[in-house]
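Asks: Residue numbers (my numbering): 11 to 236.
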């Protein structure tokens, strides 16, 4: 992420904080949606996402549900190291398909915590396996029968997650869905990653949490990746 992008992100966060007090009044003035999706379709680069109503629990044992955080490709469109979200989803989907399994997309609004996002994905999945992704790239593979704060695999250092890792995450999630016990995806370790990206990660997290809405239920998504 270059300095110009970082400055714009900081400026945007400041604008959000300044206008936060006015948000409840503005929300109250809006007509109630009654559970119907209201987010306009978004399209950036090769990725187009549109909501399609409340997400339902799946019944297909071959599916893996991929749950996106509130800011994923709404306010933020690439990971913390600049991987476009289109590439992220394309690699995850490819990994799932390589194992002969299916994927389905949903968006979570009530939380930006990737562990809870992933756990909700798993509960909605016909196979009981779900993937949760934050906009900055942090990812979790979860299983519906596990406690929310536990998981199958956690990828907490978003600066170290590249496209190959996202593909491997998709493959492993599909293997869990098939009842296999795969070797965990190798996770790189870099002691300098946290101090180098900590400030940017905090800004991105603040941006993401402003988009949470406890009243909104998970939304089914129609996703097109060019």
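Every residue gets a Cβ at the ideal spot worked out from N, C-alpha and C, and that includes glycine.
To the nearest whole angstrom, what separates the beta carbons of residue 125 and residue 218, a pair I think is in contact under 8 Å?
Replies: Indexing the chain shown from 1 puts residue 125 at position 115. Indexing the chain shown from 1 puts residue 218 at position 208. Residue 125 to residue 218, Cβ: 14 Å. No contact.
Asks: According to DSSP, what are the bridge partners of residue 113?
Replies: Position 103 of the chain shown, counted from the first residue, corresponds to residue 113. Beta-bridge pairing links residue 113 to 74.
Asks: Between residue 169 and residue 145, what straight-line distance do the alpha-carbon atoms span, to the nearest angstrom?
Replies: Position 159 of the chain shown, counted from the first residue, corresponds to residue 169. Position 135 of the chain shown, counted from the first residue, corresponds to residue 145. Spanning the two alpha carbons is a distance of roughly 12 Å.
Asks: When you compare each of 58, 94, 207, 130 to residue 172 by their alpha carbons, which one comes out closest?
Replies: The sequence position of residue 172 within the chain shown is 162, counting from 1. Closest by alpha carbon: 94.
Asks: Should the stretch 181–188 be called in touch with the stretch 98–108, which here means at least 3 C-beta pairs below 8 Å?
Replies: Yes, the stretch 181–188 is in contact with the stretch 98–108.
Asks: Is the Cβ-Cβ distance between residue 96 and residue 236 less than 8 Å?
Replies: Along the chain shown, one-based indexing puts residue 96 at 86. Along the chain shown, one-based indexing puts residue 236 at 226. Against a cut-off of 8 Å, the Cβ pair of residue 236 and residue 96 comes out as a contact.
Asks: Per DSSP, which one or two residues make a beta bridge with residue 149?
Replies: Looking up residue 149 in the chain shown gives position 139. Answer by DSSP bridge pairing, in chain order: 143, 165.
Asks: For residue 225, which of 121, 111, 154 has the nearest alpha-carbon?
Replies: Here residue 225 corresponds to residue number 215 of the chain shown, with the count starting at 1. When each option's Cα is compared against that of residue 225, the closest is 121.
Asks: Do you know whose CA, among 83, 71, 164, 214, lies nearest residue 61's CA?
Replies: Taking the first residue of the chain shown as 1, we reach residue 61 at position 51. Of 83, 71, 164, 214, the residue nearest in Cα terms is 83.
Asks: Taking just the CA atoms, how far does residue 101 sit from residue 212?
Replies: Sequence index remark: in the chain shown, residue 212 carries index 202 (1-based). Sequence index remark: in the chain shown, residue 101 carries index 91 (1-based). If I take the Cα positions, the gap works out to 26 Å.
Asks: With a 10 Å radius around its C-beta and 16 neighbouring C-beta atoms as the bar for buried, classify residue 123 as buried or exposed.
Replies: On the chain shown, position 113 is the one that residue 123 refers to. Buried: at least 16 other Cβ atoms inside 10 Å.
Asks: Using CA coordinates, which residue listed in 177, 70, 74 is at the minimum distance from residue 153?
Replies: Counted from its first residue, the chain shown places residue 153 at position 143. The shortest C-alpha separation from residue 153 is found at 74.
Asks: Whose C-alpha, out of 161, 88, 135, 192, is nearest the C-alpha of residue 210?
Replies: For the purposes of this step, residue 210 is identified with residue 200 of the chain shown, where counting begins at 1. Taking only the C-alpha atoms, the option nearest residue 210 is 88.
Asks: Measure from the alpha carbon of residue 205 to the alpha carbon of each residue in 167, 193, 111, then state which is nearest.
Replies: Counting from one through the chain shown, the residue named residue 205 turns up at place 195. Selected option, being the one with the closest Cα: 167.
Asks: Just the C-alpha distance for residue 165 and residue 112, rounded to the nearest angstrom, thanks.
Replies: Locating residue 165 in the chain shown gives position 155, where the first residue counts as 1. Locating residue 112 in the chain shown gives position 102, where the first residue counts as 1. So the alpha carbons of these two residues sit roughly 22 Å apart.
Asks: Check each candidate in 115, 214, 143 and name the one with the smallest Cα separation from residue 58.
Replies: As a working mapping, residue 58 is identified with position 48 in the chain shown. Comparing Cα-Cα distances from residue 58 to each of 115, 214, 143, the minimum goes to 115.
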